[in-house]
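Numbering (this note's numbering), first residue to last: 1019 to 1238.
Let me begin by presenting the structure, written as structure tokens, before commenting on it.
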Amino acid sequence: MEGNLSLLTVPDKLNIAIFASGNGSNFRAIHEAISGGKIRNAQIALVISNNSDAGALEIARGFKIPAVHISRTQYKSDDEFNATLIGALAKHHINFIALAGYMKKIDVSVVGAFRNRIVNIHPALLPKFGGEGMYGMKVHEAVIAAKEKLSGATVHIVDDQYDHGMIVLQKTVAVEPTDTAETLAARVLNIEHEIYPEAIHLFAEGNIKIIDQKLIINNV
Ligand code: GAR
């Protein structure tokens, strides 16, 4: 008897919303993989940022992708803010969310509405160097301070705890003795640009299954 199996992908196309707070280089890498035909069955239909100055919004406008600034500071309550996010996702018929340098926690109401359909990229080898306050350069500073020999990037499913959900893909990079947080961040970012499109490709092709809370990648 097979366990509680859920196929994560929709039958037709992934209609993706990107959430980004910063430069948007991961968003750009995903966009390039889609437009270059490396990811089929997917399109980016919306970009949301909590930061009106985010490079990601600018890139999206250049690509003529709907781009919206939605920040908690614009709303009176968490409920109003989260309802606005969910409303924007519904308006654009989003069925998959990719967090690409989004520095805010996703509320349980959004996680619940998109259960197992939100992914995140983290610039370290989770479960190490994750959790609240571990983002961006802080992660690389902590890796160097801990004298780790290896770091890397992780794509994982978003659940209601920071950097905690099931891991989809990871790739390592060596930490060199001469590395600063900046040099390490740059090498990890290159790896991110490889594995994030690869992970989304797996979802778009229907090659990710979750059985009894374990993530399984089909042999392809
Ligand atoms: C990336 O390194 C991403 O892994 C990290 O922010 C950077 C965003 O770069 N995300 C986190 O630290 C989340 N915990 P980008 O805006 O150029 O894609």
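Don't be surprised by glycine CBs; every beta carbon is placed ideally from N, CA and C.
Within the stretch 1146 to 1180, the complete alpha helix (DSSP H) runs of at least 4 residues fall at 1155 to 1163. E1200 sits exposed, since fewer than 16 C-beta atoms from the chains shown fall within 10 Å of its C-beta. If you draw a 10 Å sphere on the C-beta of S1070, you find fewer than 16 other C-beta atoms in it, and that means exposed. When the five nearest sequence neighbours on each side are left out, the beta carbons in the same chain lying within less than 6 Å of the beta carbon of H1219 are those of I1057, in order along the chain. Sequence-distant Cβ neighbours of K1189 in its own chain, meaning closer than 8 Å and more than five residues away, are G1170, A1171, I1209, E1212, I1213. N1044 is classed as buried because its beta carbon has at least 16 other beta carbons within 10 Å across all chains shown. The Cβ-Cβ distance between I1034 and A1116 falls below 7 Å. By the CB criterion at 7 Å, V1186 and V1176 fall outside the cutoff. Within the stretch 1020 to 1090, the runs of alpha helix (DSSP H) that reach at least 4 residues and sit entirely inside it are, in chain order, 1043 to 1053, 1073 to 1080.
Collapsing the DSSP output to three states places T1102 in a helix. F1114 is the residue among Y1093, R1133, A1108, F1114 whose C-alpha sits nearest the C-alpha of A1217. The C-alpha of G1080 is placed about 16 Å away from the C-alpha of A1038. It is roughly 48 Å from the alpha-carbon of G1105 to the alpha-carbon of P1195.
Only exposed fits R1133, as fewer than 16 other CB atoms lie within 10 angstroms of its CB.
Here the alpha carbons of I1083 and S1127 stand approximately 25 Å from one another.
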